[in-house]
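**Q** Structure incoming, see below.
Number of protein chains: 2
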Amino acid sequence: MARKSSLLKRTLASLCFILALYAIINTFISSTATLKLDRSFPFSSANSVIVSDEFSSQDTDLLNSSGKSLSPVKIYLYDVPTRFTYGVIENHGIARGGKPVPEVTDLKYPGHQHMAEWFLFTDLLRPESERIGSAVVRVFDPEEADLFYVPFFSSLSLIVNPIRPATGSDQQQRKLVYSDEETQDAFMEWLGKQDYWKRNNGRDHVIIAQDPNALYRLIDRVKNSILLVSDFGRLRADQASLVKDVIVPYSHRINTYTGDIGVENRKTLLFFMGNRYRKEGGKIRDMLFNILEQEQDVIIKHGTQSRESRRAATHGMHTSKFCLNPAGDTPSACRLFDSVVSLCVPVIVSDSIELPFEDVIDYSKIAVFFDSVSAAKPGFLMSKLRRISKERILDYQREMKKIKRYFEYTDSNGTVNEIWRQVSQKLPLIKLMINREKRVIHRDGDEPDCSCLCSNQTGIRARL
Amino acid sequence: MARKSSLLKRTLASLCFILALYAIINTFISSTATLKLDRSFPFSSANSVIVSDEFSSQDTDLLNSSGKSLSPVKIYLYDVPTRFTYGVIENHGIARGGKPVPEVTDLKYPGHQHMAEWFLFTDLLRPESERIGSAVVRVFDPEEADLFYVPFFSSLSLIVNPIRPATGSDQQQRKLVYSDEETQDAFMEWLGKQDYWKRNNGRDHVIIAQDPNALYRLIDRVKNSILLVSDFGRLRADQASLVKDVIVPYSHRINTYTGDIGVENRKTLLFFMGNRYRKEGGKIRDMLFNILEQEQDVIIKHGTQSRESRRAATHGMHTSKFCLNPAGDTPSACRLFDSVVSLCVPVIVSDSIELPFEDVIDYSKIAVFFDSVSAAKPGFLMSKLRRISKERILDYQREMKKIKRYFEYTDSNGTVNEIWRQVSQKLPLIKLMINREKRVIHRDGDEPDCSCLCSNQTGIRARL
Chain A
9 MARKSSLLKR
19 TLASLCFILA
29 LYAIINTFIS
39 STATLKLDRS
49 FPFSSANSVI
59 VSDEFSSQDT
69 DLLNSSGKSL
79 SPVKIYLYDV
89 PTRFTYGVIE
99 NHGIARGGKP
109 VPEVTDLKYP
119 GHQHMAEWFL
129 FTDLLRPESE
139 RIGSAVVRVF
149 DPEEADLFYV
159 PFFSSLSLIV
169 NPIRPATGSD
179 QQQRKLVYSD
189 EETQDAFMEW
199 LGKQDYWKRN
209 NGRDHVIIAQ
219 DPNALYRLID
229 RVKNSILLVS
239 DFGRLRADQA
249 SLVKDVIVPY
259 SHRINTYTGD
269 IGVENRKTLL
279 FFMGNRYRKE
289 GGKIRDMLFN
299 ILEQEQDVII
309 KHGTQSRESR
319 RAATHGMHTS
329 KFCLNPAGDT
339 PSACRLFDSV
349 VSLCVPVIVS
359 DSIELPFEDV
369 IDYSKIAVFF
379 DSVSAAKPGF
389 LMSKLRRISK
399 ERILDYQREM
409 KKIKRYFEYT
419 DSNGTVNEIW
429 RQVSQKLPLI
439 KLMINREKRV
449 IHRDGDEPDC
459 SCLCSNQTGI
469 RARL
Chain B
9 MARKSSLLKR
19 TLASLCFILA
29 LYAIINTFIS
39 STATLKLDRS
49 FPFSSANSVI
59 VSDEFSSQDT
69 DLLNSSGKSL
79 SPVKIYLYDV
89 PTRFTYGVIE
99 NHGIARGGKP
109 VPEVTDLKYP
119 GHQHMAEWFL
129 FTDLLRPESE
139 RIGSAVVRVF
149 DPEEADLFYV
159 PFFSSLSLIV
169 NPIRPATGSD
179 QQQRKLVYSD
189 EETQDAFMEW
199 LGKQDYWKRN
209 NGRDHVIIAQ
219 DPNALYRLID
229 RVKNSILLVS
239 DFGRLRADQA
249 SLVKDVIVPY
259 SHRINTYTGD
269 IGVENRKTLL
279 FFMGNRYRKE
289 GGKIRDMLFN
299 ILEQEQDVII
309 KHGTQSRESR
319 RAATHGMHTS
329 KFCLNPAGDT
339 PSACRLFDSV
349 VSLCVPVIVS
359 DSIELPFEDV
369 IDYSKIAVFF
379 DSVSAAKPGF
389 LMSKLRRISK
399 ERILDYQREM
409 KKIKRYFEYT
419 DSNGTVNEIW
429 RQVSQKLPLI
439 KLMINREKRV
449 IHRDGDEPDC
459 SCLCSNQTGI
469 RARL
């Protein structure tokens, strides 16, 4: 009996040992594999590095069952002269009474709706281990890169001077004044000399010009690149398009509403606060003021940017059911993102607006759209809004809650990752165009050779 | 001592038991996870199902560290009436003296350069476990689908009748004659009734029309869809484009050259065999015949399709350094793919040619391009070819060897997978357009609203 029991024990022990060994080996192997897979998760396997990698890569671990490379989209961050990055921040400070600093790279970007250029730049500067879920990985050898990021702070450069620079004859004064124009020209001179810029005529470069007027002197020279812009208000169809470029959101400046969905604490039906007078499409604003000023449950106020007005806007957006988003000088406005994070249903009156991340966001689920002709008809807009049920408003709010992370630049899985994902999606077409241009036949006098995607059949028809 | 040993044994046994339990649980969990991850490998994580999945998916295992869904691109295969698939094969047989068959689904597609429609259809019919490395996964519930594949054999339908159908008054004869036109119309009638077709005006549908004349009656009604075509020779810019559509290769009809790279067994400098007389861009053929017929080391022969001429073409392509690829009635020709699998460097004289998979294939590395004006100058083409070194030819051959799997429809990691990868890359822009059309403002009389990618700066300039 004792021998039998001992034999049983020994058999059990051996079995356990084998199992344990298997457990340890297996656990080790799978966690290694998982680690490798994890790195590949956020990246599109559908990118064009496949061919070259497949033939040159030593990294056979990173090949999947079909032999395809799982390499991420590789981006090279240009080491641009600090004049074009931190130097712009310094000048922005100096123009507001600040002093030059000993180490410009210690400077932080001033809070602003055009902060995308800061967030994207600093994201790429972070160690790769902190860039979780990013669709692009930074490479330090340009030869490896699929794409090239050029981090010129073009939007901040535009507003360094609160007003136009003085043109007086006082040399001393002129020297101190910052010139966006000069900076743009110096930037282009620098960029134009870069070998990788010349290699594909800039097609594989990513350039940010978030303010609709940013880089205005250079657009024709950088139009081959993937542009990160807020809208196409100042850009012609041959300069920018939904196919080539990425629409990026403004940083919201209103605090995120942290409460739950609901209409009980939102007594105001429609809220707007902002500049009444705007050019071009923004002329609708004055018309809307005339129509809406006398309406019940509507707060519509003319106001310019200040700490006080931002406080009032925050209160208004957090306590209203709908927030009016009329066009500004150009179709986009940061108010849309303020509305979304406030869970205040955007009422968009901007006929040519383009919206960020529209492949993953169905804006008809979070916003109400009016064409400007209909919106300018007395009574039309308000009667439509009054007919929207509480349940429908809650649906809009629910959807906004789901998608608002896309508009949070500071969210580790927010705007920055989404912009890179959008950029990485451009790569196949960019690679196609680069390869195609090496062999395509052109004749002098040919029309530009364009590939287009057109929309002319559906959508909201304006009632003229 | 005995007690001590027993205690030790019991402790060991318990430890082993715990380890074993851990092993089993861990192994189970990781293999489940690995299985799921494996399925996600070939698929782009950068697709637009992210939002909806994230909010509705129960499948939390399929979320990565950043919370993004790893769902593949999901494609629904329409169960079209057999009239539009196997029925076309049957009619093709009948028109050549065959008999109706009891079970049409037993039929195999006749060997032909337009076999893509057969390979794509049968690929989707295979069990998912055999579809290794595919960028799309078939779903059986259309509600889950990102894209919809419509498997009408439009190219075979076009050539069911070797000649135009009889128009005599003999009713019996007319009844037997197949009509591509009628089939196209019946197909459109069927497609137009499908709810998912109507939902997004066909934008998320994938339709194959490989022969440049296939579906010619319907193109304007299916132009919103992703079209799989050989070239844009018969298509206007508003019907098809590199942005929306996918260029698919013809099936090569010459056997693959299985030998190594080298020029020793390739005594002929330039080879061509095919129809001398073609319309439109193909008029270059007759000019090239006139120039090249008298050249040394050149074999240029007029020939039409037959078993005999295919044997001669195989021999010619396998024993020549360069193979001429002039435009046909439309810019593309199956000869290009015959050349590549023959390791015979293609000499492409076709100004408007579009090439398959150009995001991953740099054709300037595998082929020589001449604009037709230069190629038609006596002596020009031959003097250029004669100056190409042996080393350069070996480079071309080496590259062809690397990429030829892209032109092998029967390779499990060949053309079919690559076409699906190209299709899946269209999804973000398709989703964007679908979402955008729900809210975009149109005015009657507006110009079509187009997003384009243009090329007008580089490439080979024609020397007029």
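Going down the list, the protein sequences come from chains A and B.
Add 8 to the 1-based position in the first sequence for our numbering, that's all there is to it.
Add 8 to the 1-based position in the second sequence for our numbering, that's all there is to it.
Note that CB positions come from ideal geometry on N, CA and C, so glycine has one too.
These numbers were taken from a predicted model, which means no experiment stands behind them.
(1) At the 7 Å Cβ level, is Y417 (chain A) part of the contact set with chain B, yes or no?
(2) For D457 (chain B), count neighbouring Cβ atoms within 10 angstroms of its own Cβ and tell me buried if that reaches 16, exposed if not.
(3) Using a cut-off of 8 Å between C-beta atoms, extract the partners of F377 (chain A) located in chain B.
(4) Anything in the stretch 366-398 of chain A with a Cβ closer than 7 Å to a Cβ of chain B? List those residues in chain order, please.
(5) Comparing alpha-carbon positions, which option in A:L226, A:E152, A:L155 and A:N263 lies nearest Q477 (chain A)?
(6) Compare the C-beta of P80 (chain A) with all C-beta atoms of chain B and state if any pair is closer than 7 Å.
(7) Cutting at 6 Å between CB atoms, please list the residues of its own chain near L236 (chain A), excluding the five before and the five after it.
(8) By Cβ distance, which residues of its chain are closer than 6 Å to A375 (chain A), with the 5 residues on each side in sequence left out?
(9) With respect to the alpha helix (DSSP H) encompassing S317 (chain A), which residues constitute its N-terminal and C-terminal limits?
(10) Could you tell me whether the Cβ atoms of V424 (chain B) and D131 (chain B) are closer together than 7 Å?
(11) Does the beta-carbon of T338 (chain B) have 16 or more other beta-carbons within 10 angstroms, so that it is buried, or is it exposed?
(12) Counting along the chain, where does the alpha helix (DSSP H) carrying V96 (chain B) start and finish?
(13) Quick one: list the residues of chain B neighbouring K252 (chain A), beta-carbon separation under 7 Å, in chain order.
(14) Hey, D367 (chain A) and L440 (chain B): beta-carbon distance below 7 Å or not?
(15) Give me the chain A residues within the contact set of M441 (chain B), using Cβ-Cβ distance strictly less than 7 Å, ordered along the chain.
(16) Closest by CA to T266 (chain B), which one among B:S350, B:R315, B:L133 and B:K206?
(17) What are the uninterrupted segments assigned as alpha helix (DSSP H) that are 4 or more residues long and contained completely in the stretch 388-454 of chain A, given in chain order?
(18) Would you decide whether R447 (chain A) is buried or exposed? Buried here means 16 or more other CB atoms lie within 10 Å of its CB.
(19) If you draw a straight line from the C-alpha of Y285 (chain A) to the C-alpha of E416 (chain A), how long is it?
(20) Could you give the DSSP three-state label for P334 (chain A): helix, strand or coil?
(21) How about S474 (chain B) and F279 (chain B): do their beta carbons lie closer than 7 Å?
(22) Quick one: is Q433 (chain A) near chain B, going by C-beta distance under 7 Å?
(23) How should K412 (chain A) be labelled, buried or exposed, when 16 other C-beta atoms within 10 angstroms of its C-beta is the threshold for buried?
(24) Tell me whether the beta-carbon of E301 (chain B) lies closer than 7 Å to the beta-carbon of I292 (chain B).
(25) Can you list, in chain order, the residues of the stretch 233-249 of chain B whose Cβ is nearer than 8 Å to any Cβ on chain A?
(26) Is it the case that the stretch 97-107 of chain A contacts the stretch 388-398 of chain A, given that we only count it when at least three CB pairs across the two stretches are under 8 Å?
(27) If you draw a straight line from the alpha carbon of C342 (chain A) to that of D219 (chain A), how long is it in whole angstroms?
(28) Please compile the residues from chain B whose C-beta is within a distance smaller than 8 Å of the C-beta of L132 (chain A).
(29) Alpha carbons only, please: which of B:R104, B:S314 and B:G422 is nearest the one belonging to V185 (chain B)?
(30) Shorter than 7 Å from the beta carbon of R444 (chain B) to some beta carbon of chain A?
(31) Taking 7 Å as the threshold (C-beta atoms), are K107 (chain B) and E152 (chain B) in contact?
(32) Confirm, please, whether the CB-CB distance from Y258 (chain B) to F345 (chain B) is below 7 Å.
(33) Determine which residues of the stretch 197-218 of chain B have a Cβ less than 7 Å from any Cβ of chain A, and write them out in chain order.
(34) For a contact meaning CB atoms closer than 7 Å, what does D359 (chain B) contact in chain A?
(35) Less than 7 Å between CB atoms is the rule here; does P170 (chain B) satisfy it with respect to chain A?
(36) How would you call R242 (chain B), buried or exposed, if buried means at least 16 neighbouring beta carbons within 10 angstroms?
**A** Let me lay it out:
(1) Residue-level contact by beta carbon fails for Y417 (chain A) and chain B, as no gap is shorter than 7 Å.
(2) Flag for D457 (chain B) reads buried.
(3) When 8 Å is used as the limit between beta carbons, F377 (chain A) is near these residues of chain B: R447 and I449, in chain order.
(4) Here the close residues are E366, D367, V368, I369, D370, Y371, S372, F377 and D379.
(5) This structure leaves residue 477 (chain A) out entirely; chain A is present only between 9 and 472.
(6) No, its Cβ sits nowhere closer than 7 Å to a Cβ of chain B.
(7) Within the same chain, L236 (chain A) has close Cβ partners I216, V254 and V256.
(8) The answer, listed in chain order, is P354 and I356.
(9) Where S317 (chain A) is concerned, the enclosing alpha helix (DSSP H) starts and stops at R315 to H326.
(10) Cβ atoms of V424 (chain B) and D131 (chain B): closer than 7 Å.
(11) With 16 or more Cβ atoms within 10 Å of its Cβ, T338 (chain B) is classed as buried.
(12) Note, V96 (chain B): alpha helix (DSSP H), Y94 to I102.
(13) Residues of chain B passing the Cβ test: L461.
(14) Yes. Within cutoff.
(15) Near M441 (chain B) (Cβ distances below 7 Å), the residues of chain A are L461 and S463.
(16) Answer by Cα proximity: B:S350.
(17) If we require 4 residues or more, the alpha helix (DSSP H) runs fully inside the stretch 388-454 of chain A come out as 388-394, 398-411 and 423-445.
(18) When all chains shown are included, R447 (chain A) counts as buried.
(19) C-alpha separation (whole angstroms): 29 Å.
(20) Here P334 (chain A) sits in strand by DSSP.
(21) It is not possible to answer for residue 474 (chain B), since the shown part of chain B is limited to 9 through 472.
(22) With 7 Å as the cut-off, Q433 (chain A) counts as an interface residue toward chain B.
(23) It counts as buried.
(24) For E301 (chain B) and I292 (chain B), no; Cβs fall outside 7 Å.
(25) Of all residues in the stretch 233-249 of chain B, only A245, D246 and S249 come within less than 8 Å of chain A when Cβ atoms are compared, listed by chain position.
(26) Proximity of the stretch 388-398 of chain A to the stretch 97-107 of chain A falls short of the contact definition, fewer than three beta-carbon pairs being nearer than 8 Å.
(27) Answer to the nearest angstrom: the Cα atoms are 11 Å apart.
(28) Near L132 (chain A) there are no residues of chain B at all, since even the closest Cβ is about 17 Å away, more than 8 Å.
(29) It is B:R104 whose Cα lies nearest to the Cα of V185 (chain B).
(30) Proximity of R444 (chain B) to chain A, defined by a Cβ-Cβ separation below 7 Å, is satisfied.
(31) No. Outside cutoff.
(32) Annotated as proximal: F345 (chain B) and Y258 (chain B), with beta-carbon spacing under 7 Å.
(33) For the stretch 197-218 of chain B, which is checked against every Cβ of chain A, the residues closer than 7 Å are N209.
(34) Those within 7 Å of D359 (chain B) in chain A are I449.
(35) Closer than 7 Å: no.
(36) Label assigned to R242 (chain B): buried.
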